Structures are given as C-alpha cells and as structure tokens.
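S.K.: Each residue of the sequence shown is one higher than the one before, starting from 7 at the first, in the numbering used here.
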Amino acid sequence: MSNVKIEEQIEQELQQAREVCDINGATSGACAAAWDAVEELQAEASHQRQQEPKKNSLQQYCEDNPEAAECRLYED
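This is the structure in structure tokens:
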C-alpha cells in the first residue's frame with residue numbers, strides 16, 4: 007500500500023473514529039476500537055516510511071516515466 011493511500015485511509019479512519027465516539031461516547035468500547043484502528047494505520051505508515059530507500063532523481067524519473075530511453079534495462 008502506498009503512503010498516499012495509507013494517508014487517505016488514516017484520514018477516513020480519523021473521521022470515522024470521531025463519529026463513533028460522538029455517537030457511542032468517549033469511553034465506549036467502539037470508540038476505543040476505532041482509535042486503535044487509527045493507531046494501527048499510523049504505525050504502518052511510519053513503518054513503511056522507515057523502510058523506503060531514498061530514490062535519486064533518475065530513479066524517481068524512471069518510476070514516473072518507465073518508457074523513457076534513460077530507463078531501459080539491458081541484459082548482458
């Protein structure tokens with residue numbers, strides 16, 4: 007899952023957690039479970055950021071433009 011998708015999902019879970027807590031109360035089990043889901047997604051996003059190697063400008067360009075001549079891979 008890409009960081010962009012995780013960030014979007016975190017935003018959705020945050021909104022949902024707020025709604026659940028407003029409806030069921032801040033001390034309800036449903037509220038705690040909703041915030042646990044948010045925390046799990048945030049932990050996953052942090053984990054992915056730590057594991058992603060830094061890309062140089064050519065690597066980023068080739069990721070965005072895999073058909074470019076500079077990005078062709080040749081086998082020996």
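No residue lacks a Cβ here, since even glycine has one placed at the ideal position from N, Cα and C. Since the model is a prediction, treat every value here as computed from it, not as a measurement.
Does the stretch 12–22 come close enough to the stretch 46–63 that 3 or more CB-CB pairs lie under 8 Å?
M.R.: yes
S.K.: Nearest-angstrom Cα distance between Leu79 and Ser63?
M.R.: 17 Å
S.K.: Do you know how far the Cα of Lys61 is from the Cα of Thr33?
M.R.: 44 Å
S.K.: Could you check whether Gln22 and Ala40 sit closer than 8 Å to each other, using their CB atoms as the reference points?
M.R.: yes
S.K.: Would you call the CB atoms of Val26 and Ala36 closer than 8 Å?
M.R.: Contact: yes.
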